[in-house]
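Undergrad:
Numbering (the numbering used here), first residue to last: 13 to 170.
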């Protein structure tokens, strides 16, 4: 990464037809910096920014692969869309995917991955001890500026 770029997580959204979904996203105002590049042996990906400024990825897997482990400590449990303009965010993603989308009101527009933890409070304490910041309950900023969420998840899933 060069000057002006910060650290962050990229949330990838599944696309059965990457070219079609990317085209629809562009028609709705997205800009792409990476388009349809091979991703290992399993698929292709594109990286873009929606009209409100949230970076996101599109993923087309050859075998409909996606997140395999979910709703457990250490696994992805959610991906939240934070936005300073929730109506515009929701309209963009609904227009691209023909599916409902709910954005959370927040002053910074971005996708936030949320990971499962056994004890949210204990995790927040460990994050602080490791140089991170607790931005809000369950919202962590790592020492390099990347933001992610945590939510209590039970060992057998939630």
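All C-beta atoms, glycine included, are put in the ideal place defined by N, C-alpha and C.
Pull up the distance between the alpha-carbon of residue 163 and that of residue 88, whole angstroms please.
TA: Taking the straight line from one Cα to the other gives about 10 Å.
Undergrad: For my contact list, residue 165 and residue 123 are in at a C-beta cut-off of 8 Å; report their separation, rounded to the angstrom.
TA: Not really, about 19 Å apart at Cβ, beyond 8 Å.
Undergrad: From the DSSP output, in three-state form, read off residue 153 for me.
TA: strand
Undergrad: Extract the residue ranges of the beta strand (DSSP E) inside the region 46–105, only unbroken runs of 3 or more that lie entirely within it.
TA: You should have 55–61, 67–73, 88–95.
Undergrad: Considering Cα atoms alone, identify which of 56, 46, 112 is closest to residue 28.
TA: 56
Undergrad: Roughly how many angstroms lie between the CA atoms of residue 58 and residue 42, to the nearest whole one?
TA: Their Cα atoms are separated by approximately 12 Å.
Undergrad: Taking all protein chains shown into account, decide if residue 133 is buried (16 or more other Cβ within 10 angstroms of its Cβ) or exposed.
TA: exposed
Undergrad: If you run the structure through DSSP and keep just helix, strand and coil, what is residue 107?
TA: helix
Undergrad: Rounding to the nearest angstrom, what Cα-Cα distance links residue 98 and residue 114 in this structure?
TA: 8 Å
Undergrad: Would residue 90 and residue 126 qualify as a contact pair, given that the criterion is a beta-carbon distance under 7 Å?
TA: yes
Undergrad: Any idea what DSSP makes of residue 139, helix, strand or coil?
TA: Residue 139 carries a helical assignment under DSSP once its states are collapsed to helix, strand and coil.
Undergrad: Near residue 108, which residues of its chain fall below 7 Å by C-beta distance, leaving aside the five closest residues on each side in sequence?
TA: 33, 36, 37, 40
Undergrad: Looking at the secondary structure, which residues open and close the beta strand (DSSP E) in which residue 147 lies?
TA: It spans 145–148 - the beta strand (DSSP E) in which residue 147 sits, taken as one unbroken run.
Undergrad: With H, G and I counted as helix, E and B as strand and the rest as coil, what does DSSP make of residue 21?
TA: In the structure shown, residue 21 adopts coil according to DSSP, grouped into three states.
Undergrad: Anyone know if the C-beta pair for residue 157 and residue 18 falls short of 7 Å?
TA: yes
Undergrad: Using three-state DSSP, classify residue 158 as helix, strand or coil.
TA: coil
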